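>
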Amino acid sequence: MSMPYNPQELEVKWQKKWNEQKTNKTVEDSSKPKFYCLEQFPYPSGRLHMGHMRVYSIGDVIARLKRMSGFQVLHPMGWDAFGLPAENAAVKFGAQPAKWTYENIDFMKMQLNRLGVSIDWSREVATCSPDYYKWTQWLFLTFLEQGLAYRKRAFVNWCPECSTVLANEQVIDGLCWRCDSEVTKKDLEQWFFSITDYAERLLTDLDKLSGWPEKVRTMQKNWIGKSEGANVTFTIPELNDEQVKVFTTRPDTLYGVSYMVLAPEHPLVPKLIAGKEQEASVLAFVEEMKKESDITRTATDAEKVGLFTGAYAKHPLTGEQVPIWVANYVLLDYGTGAVMGVPAHDERDFAFAKKYDLAIKVVINPENPEILAEEIGIDAPYTEDGTLINSAQFDGMPNREAIKAIADVLEQQGKGGLSTTYRLRDWLVSRQRYWGAPIPIIYCDSCGVVPVPKEQLPVLLPEDVVIDGKRNPLTSSEEFMKTTCPTCGGAAKRETDTMDTFIDSSWYYLRYTDASNKELPFSKENADKWMQVDEYIGGIEHAILHLLYSRFFTKVLHDAGMLAFDEPFRSLLTQGMVLKDGAKMSKSKGNVVSPDEMIEKYGADTVRLFILFAAPPERDLDWTDTGVEGSFRFLNRVWRLVESNQELFQAPYQVAANDDAAKDLYRTTHHTIKKVTEDIGERYTFNTAISTIMELVNKMYSYPAESDRGTFAFAMETLIILLAPIAPHISEEMWQQLLGKTSSVHMQEWPTFDPKALVLDEVEIVIQINGKVRDKLVVANGLSKDELEKHVLAHEKGIALIDGKTVRKVIAVPGKLVNIVVG
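Here the sequence shown is numbered in full-length UniProt numbering, starting from 1 and rising by one per residue.
#1: Taking contact to mean at least 3 C-beta pairs separated by less than 8 Å, is the segment 611 to 626 in contact with the segment 695 to 712?
#2: Excluding five sequence neighbours on each side, which residues of the same chain lie with their C-beta closer than 7 Å to the C-beta of Gly-386?
#3: Taking a contact to mean a Cβ-Cβ separation below 8 Å, would you say Leu-254 touches Leu-317 in this structure?
#4: Classify Thr-496 as helix, strand or coil using the three-state DSSP reduction.
#5: Please state the DSSP three-state secondary structure of Glu-28.
#6: On a CA-only basis, which of Glu-455, Lys-16 and Leu-738 is nearest Phe-24? Give me that one, please.
#7: Keeping to the same chain, check which residues put their C-beta closer than 8 Å to that of Asp-664; ignore five residues upstream and five downstream.
#8: For the alpha helix (DSSP H) that contains Gln-146, what are its first and last residues?
#9: Using three-state DSSP, classify Leu-410 as helix, strand or coil.
#10: Can Ala-604 and Leu-115 be called in contact, C-beta distance under 8 Å?
#11: Please report how far the alpha carbon of Lys-355 lies from the alpha carbon of Gly-174, in whole angstroms.
#12: Pick out whichever of Pro-595, Glu-597, Leu-579 and Arg-123 has its Cα sitting closest to the Cα of Lys-589.
#13: Under DSSP, the alpha helix (DSSP H) around Lys-482 begins and ends at which residues?
#14: Should Lys-361 be labelled buried (16 or more other beta-carbon atoms within 10 Å of its own) or exposed?
#15: Suppose the cutoff is 7 Å on Cβ atoms and the five residues either side in sequence are ignored; what does the same chain contact list for Arg-217 look like?
#16: To the nearest angstrom, how far is the alpha carbon of Met-716 from that of Lys-741?
#17: Pick out whichever of Ala-757, Ile-799, Glu-749 and Gln-737 has its Cα sitting closest to the Cα of Ile-767.
#18: For Pro-85, count the other beta carbons within 10 Å of its own beta carbon; 16 or more makes it buried, fewer makes it exposed. Which is it?
#19: Arg-683 to Arg-570, Cα distance in whole Å?
#20: Assuming Thr-233 contacts Lys-415 under a Cβ cut-off of 8 Å, what Cβ separation, rounded to an integer in Å, is found between them?
#21: Could you check what DSSP says for Ser-419 in three-state terms: helix, strand or coil?
#22: Hey, out of Trp-507, Ile-442 and Asp-301, whose CA is closest to Cys-488's CA?
#23: In chain order, which continuous runs of the alpha helix (DSSP H) of length 4 or greater are located wholly inside the segment 599 to 647?
#24: Which one or two residues does DSSP pair with Ser-430 in a beta bridge?
#25: DSSP three-state label for Ile-808, please.
#26: Please go through the same chain and pick out, in chain order, the residues whose beta-carbon is closer than 8 Å to the beta-carbon of Ala-614, but skip the five residues on each side of it.
#27: Hey, quick one: how far does the beta strand (DSSP E) through Ser-227 stretch, first residue to last?
#28: CA-CA distance, Gly-561 and Arg-151?
#29: Check each candidate in Ile-439, Ile-802 and Thr-127 and name the one with the smallest Cα separation from Val-459.
#30: Short check: CB of Pro-213 to CB of Leu-572, under 8 Å?
#31: In angstroms with no decimal places, state the Cα-to-Cα distance between Ser-594 and Val-556.
#32: Excluding the 5 residues preceding and the 5 following Val-773 in the sequence, name in chain order all residues of the same chain whose CB lies nearer than 8 Å to its CB.
#33: For the segment 263 to 282 against the segment 332 to 341, are there 3 or more C-beta pairs whose distance is under 8 Å?
#34: Does Pro-755 come out as helix, strand or coil in the three-state DSSP assignment?
#35: Out of curiosity, what's the CA-to-CA distance linking Ser-477 and Leu-461?
#36: Short check: CB of Ser-446 to CB of Gly-490, under 8 Å?
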C-alpha cells in the first residue's frame, strides 16, 4: 500500500529530531575551508513576512550546500531588537518594551524553525540583551578612545512624531525613514561618530568589493559624494575681518562672484543682522527654514528664496564688497554652510541673481564664437569651458588650467587653496528614546564629561520609566539619572540619550564569531578565523544605512588592532521583493500572503521551493497561488517516484549503464549534478537549478522498466541529495524512511559529476552544400576533421546531395557541420 506525502507530519518530526541532535550546530574543523553565510537579522516586530521567508530560504540553500560540499559553515541568527516600535507598543498597549520584544522573538524563532532553516541557535544574539549591549557600549567607549566619538551642539534632523533625532541617512525624501513624518530642524547637543574621517577609505575601498552588486557600490559612492575644488576665505570687515570659508568646485570663476549666501542657520547670521533694519525679517525667515526639510529646500524645482542681511564680505583677490544674503537652498551641514554666487556661470546662481536683481559678472569667454560674452547673463548663464576674461592676471588662460592656478595664488596668500570635500556628514548617534543602548557617559559639575569605566558596563536600562510618547522616557527615572562620578566620587548625572539602533547592527556579525565571550565583544582569533562574511544576503534598502555603517565600524576596529581585515562582507546578494498581483504586499492593499497559512496548507518545503523557483533572487517575485500549487504537485511527484521504487535499496546496487536508456539517464544525472552545483554554488540561480532537477524527474518517469535498475537507483539517490538543500524535510524523509539510510541526507557528501559521462556517443551534424543547410546526419562523436569528411562523402546522404557534381572543397567542423563546396 502506497504511503502518501504528508508534509505537516514529517516536517514537524524532522525539525524536532534536528533540534534534539543539534544537527545545525557549527562544527569547527580547521582541516576544512570555512564559509560564513549570513542573512541580515530581522527586527522582531511580531511576524515574519514573505520577504523574510525569501531571504532565509536563499541563505539556507547556500549554507546547506556548502556543508555538504565539505566546508565548515557558520550560519547564525539573531535579532535587531532595539527600536521605536517597541516603545510605540508600550504606549498603545501598555506592554513593557522588553516583554513585547521577547514575545515577538519567541514567535518569529518558531516561524524560522517551521521553515526548516539550518541555524546554529547556540550563537543567537538579541541586541536588547544586556549581554549584547554591554559590548555595544564598550565599542562606543573604544570609538571615544580613538577620537572618533564627540559631542557638539548642532541643528539636527528632528522627527516630531517619533520625538527623536535622525541621522541624514534616515531622512528619506524629507520624511522620517520609519514613520514617514515630515522632518524638521532642531538645535540640540548630540553625540556624533566621525565617519567623515574615513570618507576617502570608504570610497576607494569600494573597488575591493567585486562581489557586491554594482548598483549598491554606486549608491554608496554617490552618498559619500566626493567633490574636488578649492577653499576660498572671504572676510567680513564689520566683524573685525572674521573669516567665512567657502568651498567651490569652480575656483576658475572666482572673479565672477557678485554675492555670497549663508545658510539661514549659520552662526554668523545673528551677528550680521544685529541692530539692522533687516534683523526681524531675517530672524523670521530663519525660523521658517528650520521647519522645512533639506530635501524640500534643495529640490531642483524648488523656488530659490533669500533675504539680504545688510552686511558685506571682502573678496579675497579683488577686495570688492560682496553683499551677504541668506537663502533656503544653502544648508549648514553641507560644505561650509556658505556659497559664493557666480550668476554668469551657474544656473542656480543665475536664477537667484535675476530674481533679486544682483550683479552678473562674466569671467569666461565661450569657445563657441556664436556665443558672445556680452550676451551671457541676459537670458541664461554660460556653464561650458572657455578662456578667462575680467580675471586680472589670469585673463586668456583656459578655465580648466585656471582652477589650479587661482587655487595656488589663494594658498600663497593664505586665503584658501585646493581642497576635497564630501557629501557624507558625521554620523549623529544620539536618540531621545528608551528602547536602545544607553550611551555610557556621565556628566559631572567638577570633572565634565566622564566616560563610564569599561569594567562598570553595562549601563542597564531602568524599569521605572514612564513611556508616553511625549518625552525621552529615561528622563523620568531619577534612579537612572542620578549617579556618582567615577573620577571624583561626587554627584553626577547620566547621559539620557540612547544610541542609534544602527550601531547595534554595525557589528553583530562579529559577535556571532564568538557569541559566548564574556571578556570581550569578540576575540581577534575567532573573528579572523570566520570573517569576512562570505555571502551576505539582504535587501537593497540597506545599501547606504546599514552597509556603510558596518564598513565604517570594521575599518575602525581594524585600525584599533581588533581585526585583521577592514571590509566585513566579501560578497553581497540583494534579493528582490515579494509581490502579489504586481504590487508590494501590504495590509492596506489586502494582498498579504501569510507564511504560516501557506506552511500549514502546503508545508515548508513547498513554500521554499516556490520562493526559489519563481524568480532569480535579485529580481522581484510575484506570488501566485497556482505557482505554489505547482510546486506542491512537483514534490508529490518526487515522493511517488521514490516511494514506488524504494525496493531498489533493499540490497546494494551496481550501476551498469549498458543500454541506450540507461546511458541516457546516467548522462542526464551527471549533467544535473554539474548544472545544479554551478547554479546554486556559484551563480545563485536557484530557479534554473530547480528546473534542471525537474528535467531529471521527467527523465526518470519515462525510464523503461526493463532498463538497468542500478542506473535508476543511482539517479534516485542523486535526485534526493540535490533536492536536500532546497526541500530539506521531504529529502530527509525519503532518504532515511524510504531508502532506509541510517545517516542524515544533509550529512552526505555533495556529488561530483564525471566529465566523461557527459560525452555523447553520437552527435547530430549539419550537412551544407555551398553554405546552405541541406540535411542532417548522426555520426559517432569524436571524429576528426578528416574522418568526418570521409564519413559524410561516403554516406548515402552525402552521395545523394553531391549527385555527380564536382567537389571543389570540403570544410569539416567536428561535432557540428560539414560544408561541401561543389561546382
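Ideal Cβ positions, reconstructed from N, Cα and C, are used throughout, including at glycine. Only a predicted model underlies this, so the values are computations on that prediction, with no experimental measurement involved.
Checking against the coordinates, here is how it stands:
#1: Using a C-beta cut-off of 8 Å, the segment 611 to 626 makes no contact with the segment 695 to 712, since fewer than three inter-stretch Cβ pairs fall below that distance.
#2: In the same chain as Gly-386, and ignoring 5 residues on each side of it, the C-beta atoms closer than 7 Å to its own belong to Ile-364, Asn-365, Pro-366, Glu-367 and Asn-399, in chain order.
#3: In this structure, Leu-254 lies near Leu-317, with their beta-carbon atoms less than 8 Å apart.
#4: Coil at Thr-496, not helix or strand.
#5: Glu-28 carries a coil assignment under DSSP once its states are collapsed to helix, strand and coil.
#6: Sequence check: residue 24 is Asn here, not Phe. When each option's Cα is compared against that of Asn-24, the closest is Lys-16.
#7: So the list reads Lys-699, once near-sequence residues are dropped.
#8: No alpha helix (DSSP H) contains Gln-146, which DSSP labels as neither H nor E.
#9: DSSP places Leu-410 in the helix class (H, G or I) of the three-state scheme.
#10: Cβ atoms of Ala-604 and Leu-115: closer than 8 Å.
#11: In a straight line, the C-alpha of Lys-355 is about 26 Å away from that of Gly-174.
#12: Measuring from the Cα of Lys-589, the nearest candidate turns out to be Leu-579.
#13: First-last for Lys-482: 482 to 484, but that is the beta strand (DSSP E), not the alpha helix (DSSP H).
#14: The C-beta of Lys-361 has 16 or more other C-beta atoms within 10 Å across all chains shown, which makes the residue buried.
#15: If the five residues before and after Arg-217 are omitted, its C-beta is found closer than 7 Å to the C-beta atoms of Leu-206 and Leu-209, all from its own chain and listed in chain order.
#16: Here the alpha carbons of Lys-741 and Met-716 stand approximately 13 Å from one another.
#17: Of the candidates Ala-757, Ile-799, Glu-749 and Gln-737, the one whose C-alpha sits nearest the C-alpha of Ile-767 is Ile-799.
#18: Buried.
#19: Computed Cα separation, rounded: 15 Å.
#20: A Cβ-Cβ distance of about 5 Å is found for the pair Thr-233 and Lys-415, placing them in contact under the 8 Å criterion.
#21: Correct three-state label for Ser-419: strand.
#22: Closest in C-alpha terms to Cys-488, from the list Trp-507, Ile-442 and Asp-301, comes Ile-442.
#23: Runs found: 604 to 613 and 625 to 643.
#24: Residue pairing by DSSP places Ser-430 opposite Met-499 in a beta bridge.
#25: Per the sequence presented here, residue 808 reads as Arg, with Ile not at that position. Here Arg-808 sits in strand by DSSP.
#26: These residues qualify, in order along the chain: Leu-621, Asp-622, Trp-623, Thr-624, Gly-627 and Asn-687.
#27: For Ser-227, the enclosing beta strand (DSSP E) has its first and last residue at 226 to 236.
#28: Cα-Cα distance, rounded: 25 Å.
#29: Checking every option, the nearest Cα to that of Val-459 belongs to Ile-439.
#30: A contact, by the Cβ cut-off of 8 Å.
#31: Within the model, the alpha-carbon separation for Ser-594 versus Val-556 is close to 41 Å.
#32: Its chain contains Val-766 and Ile-767 as the residues whose beta carbon lies nearer than 8 Å to that of Val-773, once the 5 sequence neighbours on both sides are disregarded; these appear in chain order.
#33: Touching, yes.
#34: When DSSP states are grouped into helix, strand and coil, Pro-755 belongs to the helix group.
#35: When the Cα atoms are used, Ser-477 and Leu-461 turn out to be separated by approximately 10 Å.
#36: Yes, they are a contact pair.
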